[in-house]
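Notes follow once the structure below has been shown.
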Amino acid sequence: MNLGLQPVALEAAHIKWHQAGGPDLEINGLALCSLHHKLFDRGAFTLSNNLDILVSDDAHGTAGFHEWLMRFHGEKLNFPQRQTYYPSEDFTRWHVKEVFQGEYRDS
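Residue numbers for the sequence shown, in the UniProt record's numbering: 1 to 107.
Below, the structure written as structure tokens:
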């Protein structure tokens, strides 16, 4: 979303948390809205090695659940413009191991 020419409503989310030794580098970050930032930090979804979005089978909800989260399950991440900024597999593996809750949901 933009306000004039400036993007708003995006936050920088660490893949490997800063307090766990994650660096402040593009390869350890995602641009997420505040809702998805919180869901990512709580382990409701993660990224596969191929950078597919995977939703936890522990995540559930009512009216907006499909629209706000489930519709992204199995979809590719919107990639940065430069491949050098793609998320590092080391950091995504850390997120799966240390943060992601439950199991990968069936498609």
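All C-beta atoms in this analysis are idealised placements derived from N, C-alpha and C, irrespective of residue type, glycine included. These numbers were taken from a predicted model, which means no experiment stands behind them.
For residue i, which residues from the same chain have a beta carbon less than 6 Å from its beta carbon, with the 5 sequence-adjacent residues on both sides left out?
i      : result
Leu10  : Ala31
Tyr104 : Leu54
Glu26  : Tyr85
Lys16  : Gly22, Asn28, Phe91, Trp94
Ala44  : Ser56, Ala59
Determine the extent of the beta strand (DSSP E) in which residue i is found, giving its start and end residues.
i     : result
Leu30 : 29-32
Glu26 : Looking at the DSSP string, Glu26 is not in any beta strand (DSSP E), and its letter there is neither H nor E.
Thr46 : 45-47
Ala20 : Where Ala20 is concerned, there is no enclosing beta strand (DSSP E), given that its DSSP letter is neither H nor E.
His14 : 11-14
Closest to residue i by C-alpha separation, out of the options, would be which residue?
i     : options                    : result
Val96 : Ala12, Leu51, Arg71        : Leu51
Glu98 : Ala20, Ala13, Leu3         : Ala20
Glu75 : Gln83, Lys16, Gly61, Asn49 : Asn49
Residue range of the alpha helix (DSSP H) that residue i falls in?
i     : result
Glu98 : 89-98
Phe65 : 65-68
Is residue i buried or exposed, if buried means 16 or more other CB atoms sit within 10 Å of its CB?
i     : result
Pro87 : buried
Thr92 : buried
His36 : buried
Leu39 : buried
Under 7 Å Cβ to Cβ from residue i, same chain only, skipping five residues before and after it: list those, please.
i     : result
Gly64 : none
Leu77 : Leu47, Leu51, Ile53
His14 : Gly22, Asn28, Gly29
Asp58 : Gln101, Gly102
Glu89 : Asn49
Skipping 5 residues on each side, what residues in its chain have a beta carbon closer than 8 Å to that of residue i?
i     : result
Ser34 : Ala9, Glu11
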